[in-house]
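Below is one structure, written out as structure tokens, with a few remarks after it.
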Ligand code: SF4
């Protein structure tokens, strides 16, 4: 286990003065998106930002008119069109020679499902957008139904006995677009998170960040356990932390120890995996297959078994 | 000012190009476009134009064409797009959003029947989907009117008293693909007519949030503001006409185009190119001594209700011709205007040219002959044309 040490994470005077997510927001306690926004505040210290939020939990986060909990100019788009609204904003910023970074903050539904066509098209056009998907693996805003980001074995209100299909490989899809930068983010690895957010802000063209976002409401977990759950998901290899440059150069950032115990802890600390028949053993083959693929792509370790 | 041959699709795109260039000293021009017959020519033409501070984004769907326009307009740029039929139906969610944000986006529609069954010919049923969304709506009868309407729509939509998106409709193929002479102004004239866009709610540096959640009373208040602005747009349009006349030397058409209607006993009411045929029919019947007139509703939203009421006063018979069907009800325009007639008048709904049928003068003459014989209005009737 070579998990980076969480040092230097406390706020410093170099941080952005105003938080991106102000007090008074309506997020549930322990929401991973709140953590992400706090990290983003640090990363975006010097950047001028404009944000697009499609229908998702974050569309409610800001609270009601005329107050807003978002500390940056923000537009709430329709569910499927975040990346296109951002394209318009980015184009006008470019026409006017502004360095403003246009950021999409979208849940997994607006990214993996209804917004997939829009996202793919904006990536194909290599629009100057930073697209962040906070993935709570569920439609949180409508009360917790399956999405194509929901992992196999997770119970949702629309798959009460557990979803059967495996989670869509979003980073693989984004890599296939050959975008300049795509990465997964573990909120349990603070400095890696910060580095990636900063790198994504400084890069131009289409950038995609995938954040595993604990959702106590949907995961049926303790709010205080969110970051620990992410750590367990990373340790067990369930959530690989890596980045992809130009769609082809893969870099693995955290080497898991593939601990069966971590995986067992991950499952047992959430009620969404209870009574759905999912076990550590049933998850192992998929984890192994995906890691073989990742090692192959990153060129770090060529697996002895060439079954991918 | 020069006169050139243009299809209505190209006329709309050229007007949008002029409007886009006119905003170069402000925040420029940006549009999302996606092809669909019969509006495709319009987006193609736009894609071929050079706008010094402009970008046309070829997106993946109509939904996102409007998405890009929303983003661009929210950033303070001038924005335009075009579509037809199912493309518009696919876009409707974002059309509602554009109106909700009160963004002055202008859209040209080449009217086409909604499918399936697939049918590419003219029917107003597509643009009427936007009837209640808070978009200004114009229906044109010739290519010059299409060109002028797009320019006027930008000025009207961007007026701080109005601030809402605008729809410029033309009958698919009948106008969209027909070449006709169009008077083209100079860029300098358009610059004077369309000064820099100021979208007051644009996303700038202040941390405000556009389109966020509201409580019922807040949304109701915003609806009321929008409603008032829409009702007031009729008067603002008169100012737009004055300004247009001053700069271009001719007056764009009124919201209602009345033809020999003053002394008429029977009135034909219609929208789009049906109105042109109706005027020919009026001439024919006047020669036979019949007191018939025509009213073409050019501005459908806001509906010029006071003017309609005035025009309808004293009329005995009104034939409302719709190139659409509100299924199970009757013509949409008929539903809108019948209340303006005198209580004793016979107001008959005829749905004609539905799904693109070729409406000729003889069809209108037949139904008027029928109307002259009737003593009361019958059920709304779909008139079949070959
Ligand atoms: S439902 Fe989940 S994602 Fe949504 S605000 Fe609550 S914790 Fe966050």
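Residue numbers (the numbering used here), protein chains in the order written: chain A, 1 to 308; chain B, 309 to 694.
Quick reminder that beta carbons are idealized off the backbone N, C-alpha and C, glycines included.
Note that the structure is a prediction, hence the values are computed from the model and not measured.
Once the 5 residues before and after residue i are set aside, which same chain residues still bring their CB inside 6 Å of it?
{"i": "residue 318 (chain B)", "result": "353"}
{"i": "residue 365 (chain B)", "result": "340, 376"}
{"i": "residue 316 (chain B)", "result": "451, 454, 478, 483, 484"}
{"i": "residue 117 (chain A)", "result": "none"}
{"i": "residue 109 (chain A)", "result": "139, 147"}
{"i": "residue 488 (chain B)", "result": "451"}
Quick one: does residue i have its CB under 9 Å from some CB of chain B?
{"i": "residue 76 (chain A)", "result": "yes"}
{"i": "residue 40 (chain A)", "result": "no"}
{"i": "residue 160 (chain A)", "result": "no"}
{"i": "residue 72 (chain A)", "result": "yes"}
{"i": "residue 65 (chain A)", "result": "yes"}
{"i": "residue 88 (chain A)", "result": "yes"}
{"i": "residue 34 (chain A)", "result": "no"}
{"i": "residue 117 (chain A)", "result": "yes"}
{"i": "residue 91 (chain A)", "result": "yes"}
{"i": "residue 121 (chain A)", "result": "yes"}
{"i": "residue 130 (chain A)", "result": "no"}
{"i": "residue 106 (chain A)", "result": "no"}
{"i": "residue 110 (chain A)", "result": "no"}
{"i": "residue 94 (chain A)", "result": "yes"}
{"i": "residue 101 (chain A)", "result": "no"}
{"i": "residue 81 (chain A)", "result": "yes"}
So, using beta-carbon positions, are residue i and residue j closer together than 9 Å?
{"i": "residue 70 (chain A)", "j": "residue 36 (chain A)", "result": "no"}
{"i": "residue 102 (chain A)", "j": "residue 52 (chain A)", "result": "yes"}
{"i": "residue 156 (chain A)", "j": "residue 272 (chain A)", "result": "yes"}
{"i": "residue 68 (chain A)", "j": "residue 517 (chain B)", "result": "yes"}
{"i": "residue 542 (chain B)", "j": "residue 612 (chain B)", "result": "yes"}
{"i": "residue 133 (chain A)", "j": "residue 173 (chain A)", "result": "no"}
{"i": "residue 372 (chain B)", "j": "residue 87 (chain A)", "result": "yes"}
{"i": "residue 686 (chain B)", "j": "residue 650 (chain B)", "result": "no"}
{"i": "residue 74 (chain A)", "j": "residue 405 (chain B)", "result": "no"}
{"i": "residue 392 (chain B)", "j": "residue 420 (chain B)", "result": "yes"}
Residue i CB to nearest chain A CB: under 9 Å?
{"i": "residue 365 (chain B)", "result": "yes"}
{"i": "residue 356 (chain B)", "result": "no"}
{"i": "residue 511 (chain B)", "result": "yes"}
{"i": "residue 376 (chain B)", "result": "yes"}
{"i": "residue 336 (chain B)", "result": "yes"}
{"i": "residue 369 (chain B)", "result": "yes"}
{"i": "residue 340 (chain B)", "result": "yes"}
{"i": "residue 516 (chain B)", "result": "yes"}
{"i": "residue 451 (chain B)", "result": "no"}
{"i": "residue 570 (chain B)", "result": "no"}
{"i": "residue 381 (chain B)", "result": "yes"}
{"i": "residue 372 (chain B)", "result": "yes"}
{"i": "residue 675 (chain B)", "result": "no"}
{"i": "residue 472 (chain B)", "result": "no"}
{"i": "residue 521 (chain B)", "result": "yes"}
Compute the beta-carbon to beta-carbon distance between residue i and residue j, rounded to the nearest angstrom, for a pair I have assumed lies under 8 Å.
{"i": "residue 656 (chain B)", "j": "residue 679 (chain B)", "result": "6 Å"}
{"i": "residue 235 (chain A)", "j": "residue 256 (chain A)", "result": "5 Å"}
{"i": "residue 601 (chain B)", "j": "residue 572 (chain B)", "result": "3 Å"}
{"i": "residue 584 (chain B)", "j": "residue 418 (chain B)", "result": "The Cβ separation is near 17 Å, so there is no contact."}
{"i": "residue 586 (chain B)", "j": "residue 576 (chain B)", "result": "4 Å"}
{"i": "residue 654 (chain B)", "j": "residue 625 (chain B)", "result": "5 Å"}
{"i": "residue 474 (chain B)", "j": "residue 443 (chain B)", "result": "6 Å"}
Within a Cβ cutoff of 8 Å, which residues of the same chain sit near residue i, ignoring the five residues on either side of it in sequence?
{"i": "residue 327 (chain B)", "result": "337, 386, 388, 414, 458, 459, 462, 498, 502"}
{"i": "residue 361 (chain A)", "result": "As displayed, chain A neither begins before 1 nor continues past 308, which places residue 361 (chain A) out of reach and without an answer."}
{"i": "residue 512 (chain B)", "result": "384"}
{"i": "residue 179 (chain A)", "result": "123, 126, 205, 206, 207, 208, 246, 247"}
{"i": "residue 104 (chain A)", "result": "51, 52, 53, 54, 82, 83, 86, 129, 130, 131, 132"}
{"i": "residue 519 (chain B)", "result": "405, 408, 409"}
Determine, using beta carbons only, whether residue i comes closer than 9 Å to chain E.
{"i": "residue 692 (chain B)", "result": "No chain E appears in this structure, whose protein chains are A and B."}
For residue i, I'd like the list of residues in its chain whose CB is within less than 7 Å of its CB, leaving aside the five on either flank, ordered along the chain.
{"i": "residue 675 (chain B)", "result": "627, 658, 691"}
{"i": "residue 18 (chain A)", "result": "71"}
{"i": "residue 60 (chain A)", "result": "26, 141"}
{"i": "residue 537 (chain B)", "result": "469, 470, 471, 472"}
{"i": "residue 269 (chain A)", "result": "221, 225, 229"}
Should residue i be listed as close to the ligand NAD, given that the test is whether its C-beta is under 8 Å from any heavy atom?
{"i": "residue 33 (chain A)", "result": "Within the structure as shown, the ligand NAD is missing, the only ligands being the ligand SF4."}
Query - Residue ranges of each alpha helix (DSSP H) within the segment 218-263 of chain A, 4 or longer - result: You should have 226-235.
Query raised in the report: What are the start and end residues of each continuous beta strand (DSSP E) run of 3 or more residues lying completely inside the segment 580-637 of chain B, in chain order?
Result: List check, beta strand (DSSP E) in window: 600-605, 607-609, 625-630.
Query raised in the report: Hey, which unbroken runs of the beta strand (DSSP E) at 3 residues or more fall wholly within the segment 269-295 of chain A?
Result: Considered as a whole, the segment 269-295 of chain A harbours no complete run of any beta strand (DSSP E) with no fewer than 3 residues.
Report task. Please go through the segment 403-467 of chain B and give each complete beta strand (DSSP E) segment of 3 or more residues, from N-terminal end onward. Result -> Here the runs fully enclosed are 414-419, 444-447.
Query raised in the report: At what residue ranges does the segment 508-584 of chain B contain a whole run of the beta strand (DSSP E), taking only runs of 3 or more?
Result: Counting only runs of at least 3 residues, the segment 508-584 of chain B fully encloses the following beta strand (DSSP E) elements, listed from N- to C-terminal order: 564-567, 574-578.
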